[in-house]
Amino acid sequence: MVVKAGTYLSRIDGPEDLKNLTPQELKILAQEIRDFLVENMAWHPGHLGANLGVVELTIALHYIFNSPKDRMIWDVGHQSYIHKILTGRREVFHTIRQKDGISGFPKPSESEHDIFGTGHSSTSISAALGMAVGEQEKGLNNNHFIALIGDGSMTGGEAFEALNNIGAMKNNILVVLNDNGIAIDENTGSFTRYLTRITASHTYNKLKYRIWRVFRGTFIEKIANKTSTALKWTWLKKSNLFEAFNLRYFGPVDGHDLKQLISVLEDLRDINGPKILHVITKKGKGYKPAEKDQVTFHAPGRYDAKTGEILETSCDSVPPKYQVIYGKTLTELAEQNDDICAITPAMISGSSLNIMQNRFPERVFDVGIAEQHAVTFAAGLAKSGRIPFCTIYSTFLQRAYDQIIHDVAIQNLPVVFGIDRGGLVGEDGATHHGVFDLAYLRAVPNLIIASPLNSVQLRNLLYTAQLKKCGPFAIRYPRGNSEIKDWNTPFAEIGIGKAEKLRVGKDVAVLTIGQPGLDVISLYEKLSSQGISISHYNMIYLKPLDEESLHDACKTNKAVITIEDGTMKGGLGTAVAEFMMEHSYYLPFTKLGVPDHFIEHGTIAELKKECGFDADGIFSAIKDIFSKTNQTT
């Protein structure tokens, strides 16, 4: 969508242009931004609901503060689209999340206004404090540091660790708590209920703010602060949680009332020290379909902007997503085994655990954005005799690495890790690709690591994991649709550490793990037509490796190539190279996978091509190594 000439939005080339508009003009601008966002997201999918909810808040922040001198950090960052539109990226906004286009998250290399890169939750307050302390030591004390964090992110432990630290400091930091009651799914836990209580009982907070406005800068303010302590205990049974962290708390404020937001932020700008502003917003605000169905319109894909109808239809001829197969299979297993339960950190619908939740609500636990807690909670369940399936996106499992080692693996507890969205995930980019899991998990003793070729193998690995109960068991599966329509086959156990030989050849041994094996299968005839005979091994397990199959591969072929959709350093390729060195197999060897740099955003097909392990890249690599065998014979 091109911005119409003559609109207020067409005049905004940077945040300084906002200051030329009147309050009424800013209100019109907010509606123009909403229209622009809804039209663009309809054809260039991204995070819609969260951004519709922060239009007025983003305008007010940029109106009062001076970015980039004043540092704004967007926690998670998926709600930074309005910020991008107002900071010089309006004309390229249609490229968002596309290859070589702008990122869907704050990215310092993209703009000086993107002060700190984000993508995962609960990091903003820590980063703001670090930057504030660092600049203070340089004598730069006039800058403001604003951490905008959603209520969902406040369930993350790092946010509370930062609050504990920030309250003991005197730095000029403003934490803006964007309270919309929902992250991706409905928020859970005591903190969400606590915010509801604060919102409902705001008499004390209103009075405190009014006292401060009247008497700020005078000796009476000190008296007022003492009075507020007495009032706090008069009207509230407990001290405000944030004030217990030694932060001045203000709010709650209507996050869609521009006039009030500007007034409050202008006042807070003049308060020194750490403070928190509690803002109430509505996810999807101003677009009825998004307001009505906040979960779907978090990131709806393509839709009709006028009606809100989702255009990505699911027909019977299209196989279901891996996530759906995971959810349905786990539910089926739970019907057969009462010990099975499931845990997820705030990704109930994304991981399709809502399927099991609908059937067994008492056996599915959404612990909020708390990956470390999720893993140790699963360890406790396993210790009590349950079979916990701890289901976490690959990129977020990184946050619980210590718990995997310390709380699960050392004790050899039978926790099953359902590692969702393993490999390249596409448009969310570097912060969300699940490419490190195979490498960092492979280093952990006692841990079984598997990745299925297809959805039938996923189903059977889930069955095998709950059947064996032989220690921690990680099952990694990709984002997107399965390739098999008839996936719901009878369960069959897959032997631990056993590969399957899919094709017998004599020239090149091709060893794959996970989905890349499907690309190799698609090349069988093409390779044969070129006179190249391959042996194809679907390894299934990275740990333990099937050494019998590796010996067979090295003894019956002239070269070896490994293919994986993860980082090549430390993954399958490294494991096979170590095996060949240990057993003195001096054959031509190469490996394909994700190279040693961060991969940006684009479609999965585009990124596989960039990394060199799409079908064409695989064919070229096999052809190249085959030519080397002819040179050495």
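With the sequence shown counted from 1, adding 969 to any position gets you this note's numbering. For each residue, glycine too, the CB sits at the ideal point set by N, CA and C.
Whole-number beta carbon distance between residue j and residue i, since they are thought to touch under 8 Å
i	j	result
Ser-1093	Asp-1044	4 Å
Leu-1026	Val-1233	About 11 Å; that fails the 8 Å criterion.
Asp-1604	Thr-1360	The shown model of the chain, from 970 to 1602, leaves out residue 1604, and the question about it has no answer.
Ile-1418	Lys-1512	4 Å
Phe-1074	Gly-1088	5 Å
Ile-1309	Phe-1386	No, Ile-1309 and Phe-1386 are not in contact; Cβ-Cβ is about 14 Å, not under 8 Å.
Phe-1595	Ile-1532	So it is not a contact: roughly 15 Å between Cβ atoms.
Asn-1020	Leu-1006	6 Å
His-1082	Asn-1009	Between Asn-1009 and His-1082 the Cβ distance is about 19 Å, and since that is not below 8 Å, they are no contact.
Gly-1539	Asp-1406	The Cβ separation is near 10 Å, so there is no contact.
His-1267	Thr-1250	Not confirmed; about 14 Å, so no contact.
Boundaries of the alpha helix (DSSP H) in which residue i is found, first to last residue
i	result
Pro-1357	Careful: Pro-1357 lies outside any alpha helix (DSSP H), inside the beta strand (DSSP E) at 1356-1362.
Ala-1101	1093-1106
Leu-1234	1227-1238
Phe-1005	992-1012
Gly-1559	According to the sequence provided, residue 1559 is Thr. The question's Gly does not apply to it. It is not in any alpha helix (DSSP H) - Thr-1559 instead sits in the beta strand (DSSP E) that spans 1558-1563.
Ile-1084	From DSSP, Ile-1084 is part of no alpha helix (DSSP H); its letter is neither H nor E.
Phe-1346	1340-1352
Cys-1523	1516-1525
Arg-1411	1406-1411
For residue i, the three-state DSSP class (helix, strand or coil)
i	result
Asn-1020	helix
Arg-1327	Here the sequence assigns Asn to residue 1327, which means Arg is not the residue at that position. Of the three classes helix, strand and coil, the one that applies to Asn-1327 here is helix, per DSSP.
Ser-1424	helix
Ala-1584	helix
Tyr-977	coil
Val-1489	helix
Thr-1481	strand
Phe-1334	strand
Ala-1590	helix
Arg-1066	coil
Asn-1599	helix
Tyr-1272	strand
Ile-1568	coil
Gly-1392	strand
Val-1385	strand
Gly-1057	helix
Gly-1403	strand
Asn-1035	coil
With 16 other Cβ atoms within 10 Å as the buried cut-off, status of residue i
i	result
Cys-1439	exposed
Ala-1137	exposed
Asp-1273	exposed
Met-1603	The displayed coordinates of the chain run from 970 to 1602. Any statement about residue 1603 would go beyond what the structure contains.
Lys-1206	Note on Lys-1206: pLDDT 38, under 50, position unreliable in the model; the coordinate value appears next. By the neighbour-count rule (16 or more Cβ atoms within 10 Å), Lys-1206 is not buried but exposed.
Pro-1447	buried
Tyr-1291	buried
Ala-974	exposed
Ala-1213	exposed
Gly-1108	exposed
Thr-1458	exposed
Pro-1330	exposed
Ser-1090	buried
Leu-1280	exposed
Met-1325	buried
Ala-1522	buried
Pro-1414	exposed
Bridge-paired residues (DSSP) for residue i
i	result
Met-1041	Ile-1115
Asp-1397	Answer is none; Asp-1397 lacks a bridge partner.
Glu-1469	Asn-1507
Lys-1454	Lys-1454 is not bridged to any residue.
Asp-1148	Ile-1249
Ala-1419	Ile-1444, Tyr-1510
Lys-1244	Leu-1143, Arg-1217
Ile-1279	Tyr-1272
Beta strand (DSSP E) segment containing residue i, residue limits
i	result
Tyr-1218	1217-1223
Gly-1535	1528-1536
Ala-1443	1442-1445
Ala-1131	No beta strand (DSSP E) contains Ala-1131, which is instead part of the alpha helix (DSSP H) from 1126-1135.
Arg-1311	The residue asked about is misnamed: residue 1311 is Ala in this sequence, not Arg. Ala-1311 -> beta strand (DSSP E) spans 1309-1313.
Ile-1294	It is not in any beta strand (DSSP E) - Ile-1294 instead sits in the alpha helix (DSSP H) that spans 1291-1305.
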